[in-house]
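Enquirer: So the number in the numbering used here is just where the residue sits in the sequence shown, counting from 1, plus 2.
Glycine included, each C-beta is placed from N, C-alpha and C at the ideal position.
Pasting a structure below so you can have a look.
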Amino acid sequence: MPSLQIDKLLETVVKQNCSDLHITTGQPPVVRMGGRMVRLDTKVLEPDDTVALMKSITPERNQQELQEIGGTDFGFAFGKKARFRVAVFKQRGHVAICLRQIPRDFLTFEQLGLPPVIKDLLSRSLGLILVTGPTGSGKTTTLASMVNWLNHNMDHHVITMEDPIEYYHDHGTCTVNQREIGIDVPDFPEALRRSLRMDPDVLMVGEMRDLDTISAAITAAETGHLVFGTLHTSSAQRTVDRIIDVFPTDQQEQIRTQLSTSIIAVLSQVLLPRKPKGMIAGFELLVVTSAIANLIREAKTYRINSSIQTGRRHGMQLLDDALFDMWKKGLCEEKDVLMKANNPEDLRVRVNREKAGLVDEEEEEEEDEYEYA
């Protein structure tokens with residue numbers, strides 16, 4: 003299959019605004035459109051087809067990595083039309099490819115639906131802001147939007163560490179240096195250690211996936227830098243627990259103390275189909291107050307969710323509350339919000355009560371409390 007074919011496939015992805023293109027043997031190419039997987043009306047791909055498609059876009063260095071370790075990731079520009087994050091991997095001995103389209107334009111906080119308090123958090127001079135959620139939940143887009151906001155509202159030196167670089171940032175009111183793991187620097191811990199000698203104000207760590215990276219990020223946040231990082235966790239409470247659990251037991255008490263003083267906020271997000279078409283993000287936001295810092299320090303993270311519920315005046319919200327509101331406003335289908343909920347059974351009960359015209363006393367009390375607060 004000639005390289006022209008990949009151009010046709012990518013043209014389809016761009017024109018139909020698909021988020022992903024999947025190429026694997028034994029079926030036609032598949033796109034993800036509005037969150038759903040759709041097979042394209044083309045031929046079933048043979049092993050030779052997937053190899054030819056892979057070779058037409060994959061740099062030599064990455065082809066070598068594919069042979070050595072069975073997988074590779076890189077960024078790829080489709081002329082001036084779009085950029086893609088590409089994952090090439092082996093499955094059942096054959097080559098498979100997943101291309102994720104990176105939107106060309108930065109979205110505003112309002113377009114993303116981010117809680118308004120985010121701007122205040124980004125104006126802090128130091129601390130750790132974590133953006134979390136499952137793969138494909140839009141974390142990269144949210145982080146890019148945050149860096150873009152800084153780049154138009156602050157005069158910082160921003161260093162990003164990404165694997166691979168997805169959104170390209172021009173220098174605005176900030177100087178933005180983007181370092182790609184595997185090309186500009188070997189790994190995340192090394193990138194973080196080196197970055198502290200580069201007079202940074204803001205550090206963005208694409209993935210906090212191991213103890214060394216997490217430890218270096220916390221240290222950077224403690225020593226006077228604003229640090230963004232991502233984790234694959236589904237709620238604020240689980241994020242705090244995950245960070246602490248990464249460390250050996252004898253270090254956990256110390257990390258709790260360090261984390262309680264350095265963490266500013268945790269933004270957890272999911273992406274779900276929007277009615278009638280498109281996608282919409284749902285957010286959970288934990289803003290670390292002194293009371294929540296105490297819960298982290300005292301190993302009482304199980305109380306974080308109830309603290310988020312009572313912390314609305316600080317801009318906090320639980321994911322399931324956000325999902326309930328999205329359903330109630332008619333933005334999403336019931337089945338989609340239940341699928342993404344942290345506590346689907348509890349949310350199902352709330353939805354059914356709402357359908358029956360019943361309002362929880364607790365909810366009424368909360369509304370009254372915040373009306374007069």
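H159 lies in the beta strand (DSSP E); which residues open and close that run?
Expert: Here the beta strand (DSSP E) through H159 covers 159 to 164.
Enquirer: Which full runs of the beta strand (DSSP E) of 3+ residues lie inside the region 75 to 100, going along the chain?
Expert: If we require 3 residues or more, the beta strand (DSSP E) runs fully inside the region 75 to 100 come out as 84 to 93.
Enquirer: Mapping DSSP to helix, strand and coil, what is V133?
Expert: Strand.
Enquirer: Please work out which residues of its chain come closer than 7 Å, Cβ to Cβ, to S139, disregarding the five sequence neighbours upstream and downstream, and give them in chain order.
Expert: Result list for S139: Q271, V272, L273, in chain order.
Enquirer: Quick check: the region 287 to 306 against the region 219 to 229, are at least 3 beta-carbon pairs closer than 8 Å?
Expert: The region 219 to 229, when compared against the region 287 to 306, does not touch it at the 8 Å Cβ threshold.
Enquirer: Three or more beta-carbon pairs under 8 Å between the region 239 to 251 and the region 94 to 106, yes or no?
Expert: Output reads no: the region 94 to 106 does not touch the region 239 to 251.
Enquirer: What are the partner residues of E182, as DSSP defines its beta bridges?
Expert: DSSP output for E182 lists E164 as bridge partner(s).
Enquirer: Taking all protein chains shown into account, do 16 or more other C-beta atoms lie within 10 angstroms of the C-beta of L360, making it buried, or fewer, making it exposed?
Expert: Per the 10 Å Cβ criterion, exposed.
Enquirer: Tell me the DSSP secondary structure of R106 in three-state form.
Expert: Coil at R106, not helix or strand.
Enquirer: So, helix, strand or coil for E286, using DSSP?
Expert: DSSP places E286 in strand when its eight states are reduced to three.
Enquirer: Using 8 Å for Cβ pairs, my map puts D22 next to V33. What's the rounded Cβ distance?
Expert: Confirmed, about 7 Å.
Enquirer: Which residues in the same chain as R352 place their Cβ atom closer than 6 Å to its Cβ, once the five residues preceding and following it in sequence are excluded?
Expert: F326.
Enquirer: So, do the region 176 to 186 and the region 151 to 168 have three or more beta carbon pairs nearer to each other than 8 Å?
Expert: Because the criterion of three Cβ pairs below 8 Å is met, the region 176 to 186 and the region 151 to 168 touch.
Enquirer: Classify V46: buried if its beta carbon has 16 or more other beta carbons within 10 angstroms, exposed otherwise.
Expert: When all chains shown are included, V46 counts as exposed.
Enquirer: Using the C-alpha atoms, what's the distance from G284 back to R196?
Expert: Taking the straight line joining both Cα atoms gives about 35 Å.
Enquirer: Considering only their Cβ atoms, is the gap separating T134 from S237 smaller than 9 Å?
Expert: The answer is yes: Cβ separation under 9 Å.
Enquirer: In angstroms, rounded to a whole number, what distance separates the CA positions of V97 and A79?
Expert: Going from the Cα of V97 to the Cα of A79 covers about 21 Å.
Enquirer: Go to V33, then tell me how far its beta strand (DSSP E) extends in each direction, as first and last residue.
Expert: Where V33 is concerned, the enclosing beta strand (DSSP E) stretches over 32 to 35.
Enquirer: Would you mind reading off the limits of the beta strand (DSSP E) that contains Q271?
Expert: Here the beta strand (DSSP E) through Q271 covers 265 to 275.
Enquirer: Residues in the same chain with beta-carbon distance under 8 Å from Y372, minus the five sequence neighbours each way, listed in chain order, please.
Expert: Bear in mind that a pLDDT of 37 at Y372, under 50, signals an unreliable position, so the number given afterwards is only what the model happens to contain. So the qualifying residues of the chain are R314, R315.
Enquirer: Along the alpha helix (DSSP H) that carries D50, what are the first and last residues, could you check?
Expert: D50 -> alpha helix (DSSP H) spans 49 to 59.
Enquirer: So, helix, strand or coil for H154, using DSSP?
Expert: In this structure, H154 counts as helix in the three-state DSSP scheme.
Enquirer: Here's a check: name, in chain order, each residue in its chain whose Cβ is nearer than 8 Å to the Cβ of D157, leaving out the five neighbours to either side.
Expert: So the list reads T175, C176, once near-sequence residues are dropped.
Enquirer: Rounded to whole angstroms, how far is the Cβ of M328 from the Cβ of I282, which I believe are closer than 8 Å?
Expert: About 7 Å; that satisfies the 8 Å criterion.
Enquirer: Which word fits Q18, buried or exposed, when buried means at least 16 other C-beta atoms lie within 10 angstroms of its C-beta?
Expert: That one is exposed.
Enquirer: In chain order, what residues of the same chain lie with their CB nearer than 6 Å to the CB of G73, ignoring the 5 residues before and after it?
Expert: Correct list, in chain order: F91.
Enquirer: Exposed or buried, P118, counting other C-beta atoms within 10 Å across all chains shown (16 or more means buried)?
Expert: It counts as exposed.
Enquirer: Which residues does DSSP pair with T232 in a beta bridge?
Expert: Per DSSP, V133.
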